[in-house]
Amino acid sequence: MITIKNILRSADIVGKTTEIKGWVRTKRGNKNITFIALNDGSTIHNIQVVIDNTKFDENLIKQISTGACIAVKGIMVESPGKEQLVEMHAENIVLYGNADPETYPLQKKGHSLEFLREIAHLRPRTNTFGAVLRIRHAIAFAIHKYFNDNGFYYLHTPIITGSDCEGAGEMFRVTTLDAKNPPLNGDGSVNFSEDFFGKETKLTVSGQLEGELGALALSRIYTFGPTFRAENSNTPRHLAEFWMIEPEMAFYEINDNMDLAEDFLKYLIRYALDNCMDDLGFLCKMYDEELIARLRFILENNFERITYTKAIEILKKSGVQFEFPVDWGIDLQTEHERYLVEKYFKRPVIVTDYPKDIKAFYMKQNDDGRTVRGMDVLFPKIGEIIGGSQREEDYEKLKNRITELQLPEKDLWWYLETRKFGTAPHSGFGLGFERLILFVTGMSNIRDVIPFPRTPKNAEF
Ligand code: ATP
Ligand code: MN
Numbered sequence: 096m097i098t099i100k101n102i103l104r105s106a107d108i109v110g111k112t113t114e115i116k117g118w119v120r121t122k123r124g125n126k127n128i129t130f131i132a133l134n135d136g137s138t139i140h141n142i143q144v145v146i147d148n149t150k151f152d153e154n155l156i157k158q159i160s161t162g163a164c165i166a167v168k169g170i171m172v173e174s175p176g177k178e179q180l181v182e183m184h185a186e187n188i189v190l191y192g193n194a195d196p197e198t199y200p201l202q203k204k205g206h207s208l209e210f211l212r213e214i215a216h217l218r219p220r221t222n223t224f225g226a227v228l229r230i231r232h233a234i235a236f237a238i239h240k241y242f243n244d245n246g247f248y249y250l251h252t253p254i255i256t257g258s259d260c261e262g263a264g265e266m267f268r269v270t271t272l273d274a275k276n277p278p279l280n281g282d283g284s285v286n287f288s289e290d291f292f293g294k295e296t297k298l299t300v301s302g303q304l305e306g307e308l309g310a311l312a313l314s315r316i317y318t319f320g321p322t323f324r325a326e327n328s329n330t331p332r333h334l335a336e337f338w339m340i341e342p343e344m345a346f347y348e349i350n351d352n353m354d355l356a357e358d359f360l361k362y363l364i365r366y367a368l369d370n371c372m373d374d375l376g377f378l379c380k381m382y383d384e385e386l387i388a389r390l391r392f393i394l395e396n397n398f399e400r401i402t403y404t405k406a407i408e409i410l411k412k413s414g415v416q417f418e419f420p421v422d423w424g425i426d427l428q429t430e431h432e433r434y435l436v437e438k439y440f441k442r443p444v445i446v447t448d449y450p451k452d453i454k455a456f457y458m459k460q461n462d463d464g465r466t467v468r469g470m471d472v473l474f475p476k477i478g479e480i481i482g483g484s485q486r487e488e489d490y491e492k493l494k495n496r497i498t499e500l501q502l503p504e505k506d507l508w509w510y511l512e513t514r515k516f517g518t519a520p521h522s523g524f525g526l527g528f529e530r531l532i533l534f535v536t537g538m539s540n541i542r543d544v545i546p547f548p549r550t551p552k553n554a555e556f
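Residues in the sequence shown are numbered consecutively from 96, following this note's numbering.
Here it is as structure tokens:
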């Protein structure tokens with residue numbers, strides 16, 4: 096079985112008989128001859144199949160319309176057309192499945208991305224989604240390759256968590272209790288001791304806390320798995336279910352963490368440029384003509400590194416009327432992040448040393464008593480693509496912070512024990528996989544870079 100990608104790659108294919116299987120993208124011709132563009136998803140390119148109508152059953156040819164699935168045996172010949180180098184002259188055709196032109200939703204080209212979201216079960220068959228999904232695969236592969244080549248171990252952290260303190264947003268509950276008639280405590284609250292795990296459980300928002308346990312044993316680990324946030328933010332950059340990559344490294348301080356983040360992102364972008372040019376070229380042509388230049392630009396420039404305090408100064412002096420007013424202590428909004436990246440520095444920016452009140456309890460406290468060693472990597476068009484920090488490794492300081500924030504210490508005893516037994520300086524970060532794919536593909540809505548997006552009121556496919 097040979098894919099269209101491999102046929103188009105083989106130098107000496109002309110004159111050979113082969114078989115291709117795929118879905119019809121377009122059909123044209125006249126009563127004597129039919130031209131089919133066939134695609135099997137292995138590449139953005141189609142193979143043109145030329146059918147001499149007199150050799151085949153009329154009814155068969157009629158049924159080979161856009162969307163139909165066929166297998167064609169034939170001989171590969173040099174193509175007189177300028178669209179392609181080779182084409183197949185059909186000798187035998189099997190129709191696996193027709194697609195009624197009256198009802199097949201992708202009968203015509205040029206549907207809007209919004210419409211395609213409503214047919215997420217079929218949109219992988221479009222050029223756009225084929226390209227996005229192949230790039231998504233390539234980047235996922237490159238992520239594993241990068242870490243493997245650099246001595247990181249892939250740690251599988253749990254999807255179901257009993258800890259409420261991951262602190263990165265609203266969580267989905269996981270339960271087998273009867274929603275209509277749950278067991279109750281005396282005070283009317285739900286009695287979770289009768290639930291499957293004997294306690295209240297949720298879907299994880301991050302693998303970090305468990306990742307730290309791994310790093311404090313294997314030195315360098317990464318997670319790469321789905322995470323869930325029940326945040327009702329209907330933005331082009333948020334999903335309720337998204338994939339996150341979280342490396343966690345013992346003995347890394349904040350500067351090592353920043354170096355890793357920059358090297359990692361550049362590696363992945365370089366990988367896409369080296370391996371996905373056909374698909375990137377298509378997306379560049381169709382959606383975003385600056386895409387490839389923007390990707391190259393990332394490779395050619397060092398990321399700017401500034402403190403949060405400095406960032407606030409720049410934003411205040413900018414003279415721009417932001418929707419969210421700027422003052423020391425605020426959480427940076429996307430508009431602020433994009434100003435720093437796109438207008439001021441004109442390159443990716445890493446912001447460090449955030450006010451402790453807007454960051455999670457586990458971030459390493461600075462000596463000034465008001466900032467922590469967090470770092471966000473900000474990208475053009477996206478805003479925050481990575482959030483990370485050096486972690487607080489001091490038992491007392493961490494415990495005090497947990498008390499101060501009134502987090503349930505009983506849920507975190509195992510996390511605290513890592514600071515009690517052989518603690519070590521360590522750091523890590525979380526890269527939102529879909530945010531990266533957004534950047535690499537130049538798409539503008541995060542719903543269009545994951546096969547089956549989960550967003551508020553949407554889990555059909
Ligand atoms: P934001 O402020 O953009 O909501 P966050 O501060 O909640 O992000 P973190 O908790 O630091 O993000 O998560 C790490 C990374 O995961 C982010 O930098 C981003 O790339 C990605 N991310 C966070 N929330 C989402 C989401 N709802 N959908 C997709 N990616 C996300
Ligand atoms: Mn968020």
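All C-beta atoms, glycine included, are put in the ideal place defined by N, C-alpha and C.
Residue interval of the beta strand (DSSP E) (run including residue i)
i: His232; result: First-last for His232: Asn222 to Asp244, but that is the alpha helix (DSSP H), not the beta strand (DSSP E).
i: Gly306; result: Gly306 -> not in any beta strand (DSSP E); alpha helix (DSSP H) instead, spanning Gln303 to Leu313.
i: Leu502; result: That residue, Leu502, is in no beta strand (DSSP E); it is neither H nor E in DSSP.
i: Lys294; result: Per DSSP, Lys294 belongs to no beta strand (DSSP E) and is neither H nor E.
Extent of the continuous alpha helix (DSSP H) to which residue i belongs
i: Tyr490; result: Tyr490 to Glu499
i: Gln158; result: Glu153 to Gln158
i: Leu208; result: Leu208 to Glu213
i: Leu531; result: Phe528 to Thr536
i: Thr513; result: Trp508 to Lys515
i: Lys204; result: That residue, Lys204, is in no alpha helix (DSSP H); it is neither H nor E in DSSP.
i: Lys100; result: Ile99 to Arg104
Anticipated Cβ contact below 8 angstroms, residue i with residue j, distance rounded
i: Lys557; j: Glu186; result: The displayed coordinates of the chain run from 96 to 556. Any statement about residue 557 would go beyond what the structure contains.
i: Tyr457; j: Glu487; result: 6 angstroms
i: Leu311; j: Ala519; result: 6 angstroms
i: Tyr439; j: Ile409; result: 6 angstroms
i: Met381; j: Thr223; result: 7 angstroms
i: Leu363; j: Ile234; result: 6 angstroms
i: Glu341; j: Ser288; result: With 8 angstroms as the limit, Glu341 and Ser288 do not qualify as a contact, their Cβ atoms being about 31 angstroms apart.
i: Arg468; j: Asp448; result: 7 angstroms
i: Ile159; j: Asp135; result: No, Ile159 and Asp135 are not in contact; Cβ-Cβ is about 15 angstroms, not under 8 angstroms.
i: Cys379; j: Gly537; result: 7 angstroms
i: Asn352; j: Ser522; result: 4 angstroms
i: Ile545; j: Glu529; result: 5 angstroms
i: Val109; j: Ile165; result: Actually they are not in contact, since the Cβ atoms of Val109 and Ile165 sit about 22 angstroms apart, beyond 8 angstroms.
i: Thr221; j: Leu211; result: 7 angstroms
i: Leu535; j: Leu390; result: Here residue 535 is Val; the residue named in the question, Leu, does not match the sequence. Contact holds; Cβ gap of about 7 angstroms.
i: Tyr248; j: Phe319; result: Tyr248 to Phe319, Cβ: 12 angstroms. No contact.
i: Asp290; j: Thr271; result: 6 angstroms
Buried/exposed call for residue i, threshold 16 Cβ in 10 Å
i: Asp152; result: exposed
i: Ala274; result: exposed
i: Val227; result: buried
i: His431; result: buried
i: Ser328; result: exposed
i: Gly306; result: buried
i: Arg104; result: exposed
i: Trp338; result: buried
i: Pro475; result: buried
i: Tyr317; result: buried
i: Val446; result: buried
i: Tyr347; result: buried
i: Gln485; result: buried
i: Thr296; result: buried
i: Glu343; result: buried
i: Thr322; result: buried
i: Thr252; result: buried
i: Arg123; result: exposed
i: Asp369; result: exposed
i: Tyr191; result: exposed
i: Met266; result: buried
i: Arg268; result: exposed
i: Thr149; result: exposed
Proximity test, Cβ basis, 9 angstroms: residue i and chain D
i: Phe456; result: Given the protein chain composition of this structure (a single chain), no chain D is represented.
**OP:** Write down every uninterrupted run of the beta strand (DSSP E) in the segment 316-394 whose length is 3 residues or greater and which is fully enclosed by it, in chain order.
**Re:** Counting only runs of 3 or more, we get 336-345.
Original post:
Curious, which full-length alpha helix (DSSP H) runs of at least 4 residues does the segment 113-191 contain?
Top reply: 153-158
Subject >> Segments assigned beta strand (DSSP E), at least 3 residues, entirely inside the segment 397-484 >> reply: 399-402, 444-450 and 466-474
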